Amino acid sequence: MKVIFVCTGNTCRSPMAESIAKSLFNNENITIESRGIFALDQQPVSKLSEEIIQEQELPLPSLTQSFSEKDIEANLILTMSQSHKEILKSQYGTTLNIFTLSEFVGDTSEVNDPYGGDKQIYLKTYKQIYDLISKINPKDLQENYI
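Numbered according to the numbering used here, the sequence shown spans residues 1 to 146.
Written out as structure tokens, the structure reads:
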């Protein structure tokens with residue numbers, strides 16, 4: 001089972017989501033990664049994202065990576081916004097395994113990009129992502145998306 005979280009640059013939101021999910025689902029047989037629609041490969045995550053991840057004692061995310069054609073084969077792709085979902089749908093022509101993180105858990109909100117904001121903005125984004133991911137039941141993932 002492979003889940004990929006996607007945002008714009010893979011420096012703020014999706015790395016936080018990756019770290020949160022790795023922490024919450026660490027005893028499950030789920031591979032968790034993150035990507036960016038317009039990411040520069042092999043860059044560190046933003047300083048404030050890294051700071052929050054470390055303060056929360058979460059697993060560190062991988063270096064930035066751009067979404068590629070092989071990633072579409074993941075069992076589940078969760079984007080931070082509707083626009084990310086639409087870009088992936090238009091580029092790869094599939095909709096079966098792509099959802100916004102919010103819609104996947106029955107919410108209608110978007111996860112706003114904290115890039116350029118202060119630590120309070122990043123903390124608000126972290127809390128929103130944490131609250132959304134904590135609604136995901138890993139057993140449901142494995143039953144419905146393998």
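Ideal placement from N, C-alpha and C gives every residue a C-beta, glycine not left out. In this text the structure is predicted, and so the values were computed from the model without any measurement.
Asked: Closest Cα partner of L88 within the set E57, F67, I30, F104; Found: F67
Asked: 6 Å CB neighbourhood of A21 in its chain, flanking five on each side removed; Found: I32, I133
Asked: Buried/exposed call for K139, threshold 16 Cβ in 10 Å; Found: exposed
Asked: One or two residues paired with G93 in a DSSP bridge; Found: Paired residue(s): none; G93 is not in a bridge.
Asked: Contact check, S62 vs T11, beta carbons under 8 Å; Found: no
Asked: Distance, K85 Cα to L40 Cα; Found: 19 Å
Asked: K2 versus K127: straight-line alpha-carbon distance, rounded; Found: 23 Å
Asked: Residue environment, T94, which counts as buried when at least 16 other CB atoms sit within 10 Å; Found: exposed
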